[in-house]
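See below for the structure under consideration.
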Amino acid sequence: MKLKTIINYLFIAVLAMQLVSCDNKETLDSPFNATPTERLNAQQKELNDMLESSEFGWKAVYYTDTTQLGGFTHVFKFKDGKVDMASDFDDDTAVYSSEYSIDLGSTVSLVFTTKNRIHLLSDSNNYPVAALRGKGYKGDFQFLYYGQENGQIIFKTNRSFEELRFVKATASDWTDLAKNRLMIANVVGATTRPLFRLLETNDGTKTSQFDFNFTAETRYAVANSIETGSSMSYNMGIAYTPTGILVSPAVKVGNQQLAAFTYDAATGNFIATGTAGVTATIKYSNKPLVLTDDYKVLLAGNPRTIYAYIAAFLATAPSNSLLCNSLLNTINASLPSTQKVNRVSFYFNDGANGSYISYSFTGGKSTLYHFVTVTEDPVNKTIILKDDGWLGGSEPTLLKDLDKQLLDPKGLYVKKESFKIAYSNTIYTLTTASNNFRITTYGL
Amino acid sequence: MKKLNFYKKVIALSSVLLLGACASDEPLTDSILDVSTPSKTALDTWIDTNILTPYNINVQYKWNQNVVDNNRFLAPPLQTKVQPALEIVQKIWLESYKTIGGPDFVKKIAPREFVLVGGINLNTTGTITLGLAEGGQRITLFEVDNVNKKDRANVKRFIHTIQHEYIHILNQTKPFDEKTLAKITPTGYTSNWYATSTTVAREEGFITDYARSNINEDFAEMASTMLVNSKAEYDAILAGITNQTAVANIRAKEAVVVKYFKDSFNMDFYKLRDEAEKNTTAVINGN
C-alpha cells in the first residue's frame, strides 16, 4: 500500500472519530441513579440526620483492641455540629460539650474535632501498662461510616478498622455510667471473697474450668484452661454495665456466644446464660485451681530453703490478702511506735535447727523463733507446719493470731509466682487452706 | 495540488464542526459540592482578626487527620484552650519579631499554618516531642491543653517550642555558620541525647540535653533558650555550670547566634530577647 493511501485512510478515520467524539455518555443509566458525588453527599446527610434523630442520643461500647484492652462506654447527643458526651473512662461521668463534623475522605466519617471524653482513649501520655507507652488506650475518634442495621449505626475506626456500633441510647444510659463505675470493684473482686477465681463453662453436658485473671488498668481478663494438655483459653476485653459486664470477644461455649454476664451480689459470681443449659460463670474458689508441687522442696530431707516476707518491700504486695495485712497491722499497732515487724522468715531444713519461723522487728526488739515440724498433705498438695516449741519460752501473745494462720491444720498452698517485686528474687506465696490468708515472700 | 486543496477544504470544514461540536444547551449549574462557608464561632472570628488577617497564618485547631501523624495517639485541644495558647504565640513571638525585625518580618518568613494538638506527644522511647516544623510551612504545637497563662514556667515551656521551631524556619531561609558551630564542641553530639540530663549536657558545653542531638538542634536550642530567658535568668544558667570550658563553649555558640541574626536579618538579637521578655511578663500579668 502506498504511503499516500495510508494517509488518506488515517485522515478519514480521524474525521470519523471526530463525528462521534461528543457523544454524550451521561445519558447512560448509572446503576445507582446518581453520580458518586451526589451519593457521598446523600450519605453525609443521611449520617448526620440519623445522628441528630435519636431523642436521647447514642450509646457505644468502644473496645479499642480486644487483644489487650477492654471496652469503654460512651453516650453522645448530636446537634448542629455540637456533641454532648459522657463516658465511664474514669469517675467523672459528667456530660461535656465539644464539636464534631461529618468529613469526606476515602468515605464518609464522623470526627470528634475538639477535645472531649472520647479523646481520653487517645492520649499518648496516659497509658494503662508500660507496653502501651506512647499509645495510650489505642483509641480513635474518627469513625468511618459503614451504614445502618436494625436501627444501629455501623462504624469502623479510622486507624485499626475495629467495628463500632452506635445504638440508640435511653435516658437511663446517661445516668448508668456512674453505676458502671460501681461495678468495677465487683470485677476486681472484693478482698473479703475467697482468694482464687475461675471461669467455668458448661456446654449443657460438660463443665470446663479456666483460671481467671483480671487486670483492672487495661479492663482485660485472661482465662487459661486448667486441664492438662488443653491449650484452650479465653482472652476478653471487659466493659462494665450497671448489672454486670460485657465481654468481647464473646465466650464461645458449644456453638453459643455469651457476651453479657450478670453480677450476683450474694456469691460475687458473674453469670452468662445461653439456651439449653449452656452457661459461663466467673466465680470464686477456696482452693487453687491448679495445685502445684512447689511445696515438695520444703519437706524434710531436702536442702535448706528460706522464704522471707520483708516488710519494707512486700508490705504493699497486691498478692498479700486483706486478712494477712490486717494481722500484720494489728501486730504493728500493739508495738511501741519505734518498732515494727521487719521480717517473717520461713527456714526449712536448716541443719540441726530443723525448720522454724523467725519473726524479726525493727527498733531493737529481739527476734522470736517458732520451731515447727513439716509434713505434707499429698492429696491437697499443702505443707502442714506443726508446733515444735518457741525458743526460750511459750507463745508470745503478740504473734498469736498471725502464727495461728501459718500453722493452719489444713496446711499451706505454696506457689512459685511468675511476677517479681522490687528485686529479681523469685516470689513465693503461701496461702492457707482454711482461710483467706495469703502472704508474699522472697525466695532467699 | 487538487488533493491539497481538497484537504484544506476538509480541514476548514471540520474545524468549524469541531468548534460547535461540544456546545451544550444546558447552562452550568451550582456546584453539587457543599461550598458554603461553615458558620464561624467567636473563636474562629478571633483567629481571623488576630492571626489569619494580619499575619496570613492559618490555624487548625479542629482535628484534621491529614496534618497529624496517624501513627501517633494524639487528640485535638480543648476548644477553651485554643485562644490562650494563640495569645501567647501572638504576643510573645509574633509581636516581638514585629517590633525588632520590622512590621513585615514575620509576614515574609513565617510558617503559613499552625496545627494545635491538645495532649503530650509521648514517644515509645519515653521522650516527648514538643513541636514539629514541617518544610518551614507548618508548625505543629503539642500540649495546648496544658497551657496556663498565669504560670511563667508553663508559658516559657510553650513559647520555647515555637521559638525553637521558628529558628529552624529562619535557618531554612538563610543558613547559619555551620562550620564555626561544628568546631566548638565537635565530639559531644549523640543521637542518644535523651540518655543524659540537661545538667550533664551543660557541663559539656550544650545549653540543653536536646542540643546534643546535632548542630541544627544545637543552634535552635541555643537561640530559643536565650529568647525564653531574660538576661538575668540566662546568666544564672551559665553561672550554675562548674566546667569553665563548657561556659566558654556556650558563650562561643551564643556569638554564632548573635552574628547570624545581625548578618542575615540585620537584627539585634539581645534587643529581640529583651522584647520577648517584656512581652512574656505582659502575658503573665494578663495585659
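Protein chains in written order, with this note's numbering: chain A, 39 to 482; chain B, 13 to 299.
A virtual CB, placed ideally from N, CA and C, is assigned to each residue, including glycine.
query	result
With 16 other Cβ atoms within 10 Å as the buried cut-off, status of E238 of chain A	buried
Distance between Y397 of chain A and G143 of chain B (C-alpha atoms, nearest Å)	56 angstroms
Of the listed residues B:L64, B:F85, B:I171, B:N68, nearest to T293 of chain B (C-alpha basis)	B:I171
Among A:T479, A:E201, A:L450, A:A223, the one whose alpha carbon lies nearest that of A460 of chain A	A:T479
Span of the beta strand (DSSP E) around H112 of chain A	109-117
Buried/exposed call for V335 of chain A, threshold 16 Cβ in 10 Å	exposed
Residue-chain proximity (Q186 of chain A, chain B), Cβ-Cβ < 7 angstroms	no
Interface partners of T195 of chain A on chain B, CB under 8 angstroms	In chain order: nothing, as chain B lies at least about 12 angstroms away.
Cut-off 6 angstroms between Cβ atoms - residues of its own chain near F386 of chain A, not counting five sequence neighbours on either side	L336, T343, S393
Nearest-angstrom beta carbon gap, I227 of chain B and E190 of chain B [assumed within contact, 8 angstroms]	6 angstroms
L361 of chain A and N224 of chain A closer than 7 angstroms at C-beta	no
Where the stretch 81-113 of chain B meets chain A: residues whose CB sits under 7 angstroms from a CB there	N82, R84, F85, L86, A87, P88, P89, L90, Q91
Environment of L220 of chain A [buried if 16+ CB atoms lie within 10 Å]	exposed
Status (buried if at least 16 other CB within 10 Å, exposed otherwise) for Q106 of chain A	buried
Through-space distance from I179 of chain B to A256 of chain B, alpha-carbon basis	It is Gln, not Ala, that sits at residue 256 of chain B in the sequence shown. Approximately 27 angstroms, taken between the alpha carbons.
Backbone CA spacing between Y47 of chain A and T73 of chain A [nearest angstrom]	39 angstroms
N163 of chain A beta carbon less than 7 angstroms from that of Y134 of chain A	no
Continuous alpha helix (DSSP H) stretch holding Q95 of chain B: start and end	91-100
Neighbourhood of D302 of chain A by C-beta distance below 8 angstroms, restricted to the same chain and skipping five residues each side	F308, I309
M221 of chain A (DSSP reduced to helix, strand or coil)	helix
Partners in chain A for K74 of chain B, counting only beta-carbon separations shorter than 9 angstroms	E137, S139, V149, T151, T152
Inter-residue CB distance, I44 of chain B and E201 of chain A (contact presumed, cutoff 8 angstroms)	Incorrect: roughly 31 angstroms between the Cβ atoms, too far for contact.
For T131 of chain A and A124 of chain A, the rounded distance between their alpha carbons	6 angstroms
Closer than 7 angstroms to chain A by CB, L16 of chain B	no
Test: T75 of chain A CB closer than 7 angstroms to a CB of chain B	yes
R197 of chain A, DSSP secondary structure in three states	coil
7 angstroms Cβ cutoff, Q106 of chain A in contact with chain B	no
Listed by chain order, chain B residues near R171 of chain A by CB distance under 8 angstroms	L134, T136, G138
Delimiting residues of the beta strand (DSSP E) encompassing K290 of chain A	282-291
Which residues DSSP lists as bridging N70 of chain B, in chain order	B:E125
Reduced DSSP secondary structure (H/G/I, E/B, other) of G298 of chain B	coil
C-beta neighbour in chain A for Q7 of chain B, strict 7 angstroms	In the structure displayed, chain B extends from 13 to 299; residue 7 of chain B sits before or after that span and is not available.
Which residues DSSP lists as bridging S381 of chain A, in chain order	The identity of residue 381 of chain A in the sequence shown is Arg, whereas the question assumes Ser. In the DSSP output, where bridge partners are listed per residue, R381 of chain A has A:I348, A:S398.
Whole-angstrom distance between M274 of chain A and S198 of chain A, CA atom to CA atom	18 angstroms
Nearest-angstrom beta carbon gap, W96 of chain A and Y207 of chain A [assumed within contact, 8 angstroms]	A quick correction: the sequence has Ala, not Tyr, at residue 207 of chain A. That pair is a contact at about 5 angstroms.
Cβ-based neighbour list, G189 of chain A, same chain, cut-off 8 angstroms, excluding 5 preceding and 5 following	V205, K206
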